[in-house]
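Take 2 as the starting number for the sequence shown in our numbering and just add one per residue.
Beta carbons are placed, not taken as given, at the ideal position from N, Cα and C, and that holds for glycine.
What follows is a single structure, written as structure tokens, with notes after it.
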Amino acid sequence: MADDGAASLPYHEPSIVQILILSSFLLALNATNFVLDRTLYCGLIGQVFIGICWGTPGGKWLSAELENAIVQVGYLGLILIVYEGGASTSIPDIKANLALSTCVALTGIAAPMGLSFLLGPMAGAARIQCFAAGAALCSTSLGTTFTVLATSGLTSTRLGSVLSTAAMMDDVVGLVMVQIVSSLGSGTTEIQATTVVRPVIVSLAFAIVVPLLNRFLLRPVMRKLDRKRTQHPDAKFYSVLQTKEASFIVHTGLLLTLVVGASYAGASVLLAAYLSGIMVCWWDTERTGPKSQKTDNGSRVNPTGGDPCITTEAPAETAQNSQADNSTGSAVASSPTETRTIALGTARHTGPDIYEQYYSQALQRVLKPSALSSFSAKQNEISGKILAWTSSAKPRSKASAPTQPESTQTSASIPLANLDRTRTTSSSKPAKPISLYPSGIISLAMVARGEIGFLISAVAESNGVFRSSTDQGGSGDSKASELFLIVTWAIVLCTIIGPLCVGVLVKRVKRLEEQSSSANRSRVEVLGAWGVQ
Numbered sequence: 002m003a004d005d006g007a008a009s010l011p012y013h014e015p016s017i018v019q020i021l022i023l024s025s026f027l028l029a030l031n032a033t034n035f036v037l038d039r040t041l042y043c044g045l046i047g048q049v050f051i052g053i054c055w056g057t058p059g060g061k062w063l064s065a066e067l068e069n070a071i072v073q074v075g076y077l078g079l080i081l082i083v084y085e086g087g088a089s090t091s092i093p094d095i096k097a098n099l100a101l102s103t104c105v106a107l108t109g110i111a112a113p114m115g116l117s118f119l120l121g122p123m124a125g126a127a128r129i130q131c132f133a134a135g136a137a138l139c140s141t142s143l144g145t146t147f148t149v150l151a152t153s154g155l156t157s158t159r160l161g162s163v164l165s166t167a168a169m170m171d172d173v174v175g176l177v178m179v180q181i182v183s184s185l186g187s188g189t190t191e192i193q194a195t196t197v198v199r200p201v202i203v204s205l206a207f208a209i210v211v212p213l214l215n216r217f218l219l220r221p222v223m224r225k226l227d228r229k230r231t232q233h234p235d236a237k238f239y240s241v242l243q244t245k246e247a248s249f250i251v252h253t254g255l256l257l258t259l260v261v262g263a264s265y266a267g268a269s270v271l272l273a274a275y276l277s278g279i280m281v282c283w284w285d286t287e288r289t290g291p292k293s294q295k296t297d298n299g300s301r302v303n304p305t306g307g308d309p310c311i312t313t314e315a316p317a318e319t320a321q322n323s324q325a326d327n328s329t330g331s332a333v334a335s336s337p338t339e340t341r342t343i344a345l346g347t348a349r350h351t352g353p354d355i356y357e358q359y360y361s362q363a364l365q366r367v368l369k370p371s372a373l374s375s376f377s378a379k380q381n382e383i384s385g386k387i388l389a390w391t392s393s394a395k396p397r398s399k400a401s402a403p404t405q406p407e408s409t410q411t412s413a414s415i416p417l418a419n420l421d422r423t424r425t426t427s428s429s430k431p432a433k434p435i436s437l438y439p440s441g442i443i444s445l446a447m448v449a450r451g452e453i454g455f456l457i458s459a460v461a462e463s464n465g466v467f468r469s470s471t472d473q474g475g476s477g478d479s480k481a482s483e484l485f486l487i488v489t490w491a492i493v494l495c496t497i498i499g500p501l502c503v504g505v506l507v508k509r510v511k512r513l514e515e516q517s518s519s520a521n522r523s524r525v526e527v528l529g530a531w532g533v534q
């Protein structure tokens, strides 16, 4: 740390040991992520373990100043991860599966929160400590969800839509819980109404006001600008607005504005980042209009390579072109072609496209690994304490149970024999067989706690929420540390087991897809009704 009175920060060339430690840290983060993403679709786990090995819990190779810097840089990564989730969201798919996603999200919130109060009789925890534990265990891992969906190719399926929406709902609640837990002090014995209501009201206000601003303020301005651009296509001002640099400035400005506003208003900055991504996605949808079409089998083709907000249909275009060749209605065939051209032209500057060009590399190689490794690096002496604690207090390891009930979402009444059954008739398409893979993937993916859980646990520990108000001195510190270890150990187990099980199921689904394609069957038959929408 530089002196406060220093005129400048003195420059010291880093030693070769520091260079080797930092370079090996970054290389190990990316190499581990690469290997695990392509084998088990869970690179996040490897990055957490690398943070443990290089950080304070493990080899202590990273200095305290460097760990603090990684935490701060990693939080930028968290903001961009959540922003990417919002910008990549398909608003029509969210509306179509909103009720089902809400049920899944409520199960993922209520079950861990309710069962966390078992810590009272099991570990002698107070109600406020049980509440903090449930808050840490009720949010699903955003990083795991988006990583699994992206690497497995399930984003365009109904399963992916329901899972991403439910996980985002859980994390919205988790982000509110961050504010609630951070407002709780070590001397508080009861949860005050204002402590709970204020962040909830502010978060709801952001979730309601932002869409209203989109509809009644942003939409008229956008339409007016589009009309002006159409009337004056050669105007330099409107030409500048169509550049990718202008889109980058607008998207970044929107993100910073909402994040700063949420911070000063008392809401979560991560919730604001998600809402800014939703605004960008809605903006793209409004500018392109109803360009997305569906074929007879309901499939969609995404020419932008990852933007669910703007879709065009190659099969529909082919059908229209063939119809034009056999009839005199040539004008009918030109409409889909023009639609495709317009959609592709607009898609070059959409939110996901700007994200891929300006944010993606920095996030994937530096910011995201720093974010995931920083949580493990900040857990001071957790590894050693956990080993000693589990050997002397094995019955209390049951505290990890609150996060397991999400598996109840699996429909056990469906016979396993229906997994690969194919029913075909001569007059209809092959029926979609009932499959347990979607419910298994959803339930196990909802088990992974991830970054928000670590954040809430660390905030609760730093604010003394896990410290008993009746115990002082050494015993109080010991009890607080023990409760912190219970919650953190549960988060670690769920973050490891959940993605591993999801990766195994996804790998199994991939193998079934290959077998199905060889038998002229589609992925829809493997995933049943949860196939491509």
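Would you identify the three-state DSSP class for residue i, choosing helix, strand or coil?
i    : result
S519 : helix
G125 : coil
M447 : coil
H252 : helix
T496 : helix
F118 : helix
W62  : coil
G52  : helix
G267 : coil
A8   : coil
V18  : helix
D285 : helix
Q73  : helix
V203 : helix
V466 : coil
P291 : Only weak support exists for where P291 lies, its pLDDT of 44 falling under 50; the coordinates are left without a value.
N98  : coil
T57  : coil
C43  : coil
D227 : helix
C104 : helix
D235 : coil
A32  : helix
Give me, in chain order, the residues of the same chain whose beta-carbon lies closer than 7 Å to that of residue i; leave out the 5 immediate sequence neighbours on both sides.
i    : result
S9   : none
V177 : P200, V201, S204, S269
G264 : Here residue 264 is Ser; the residue named in the question, Gly, does not match the sequence. Cβ within range, chain order: V270.
S248 : H350, I355
G78  : L364, L368, K369, S371, A372
Y546 : One cannot answer for residue 546 here, as it falls past the ends of the chain, which runs 2 to 534.
F207 : A263, A268, L272, A273, L276
I279 : G87, T90
L256 : Y84, A274, S277
Just to check my reading of the structure: residue i and residue j have Cβ atoms closer than 8 Å, yes? What is that Cβ distance to the nearest angstrom?
i    : j    : result
G441 : L506 : 5 Å
A137 : G465 : Contact flag wrong, Cβ pair sits at about 15 Å.
I95  : C139 : Going by Cβ atoms, the distance from I95 to C139 rounds to 21 Å, so no, they are not a contact pair.
A449 : S142 : 4 Å
V503 : A446 : 5 Å
V260 : I80  : 7 Å
L45  : G56  : Contact flag wrong, Cβ pair sits at about 16 Å.
A461 : V182 : 5 Å
L101 : V179 : The Cβ separation is near 27 Å, so there is no contact.
Classify residue i as buried or exposed, calling it buried when 16 or more other Cβ atoms lie within 10 Å of its own Cβ.
i    : result
K369 : buried
Q130 : buried
I51  : buried
C43  : buried
P122 : exposed
G86  : buried
E14  : exposed
Y12  : exposed
D285 : buried
V572 : Any answer about residue 572 is impossible in this case: the structure gives the chain only from 2 up to 534.
E66  : exposed
I71  : buried
E68  : buried
T166 : buried
Skipping 5 residues on each side, what residues in its chain have a beta carbon closer than 8 Å to that of residue i?
i    : result
G161 : L150, L155
V198 : none
Leaving aside the five residues before and after residue i along the sequence, list all residues of the same chain whose C-beta is less than 6 Å from its C-beta, in chain order.
i    : result
V488 : A134, A137, S458
V174 : I110
M170 : A106
I497 : I46
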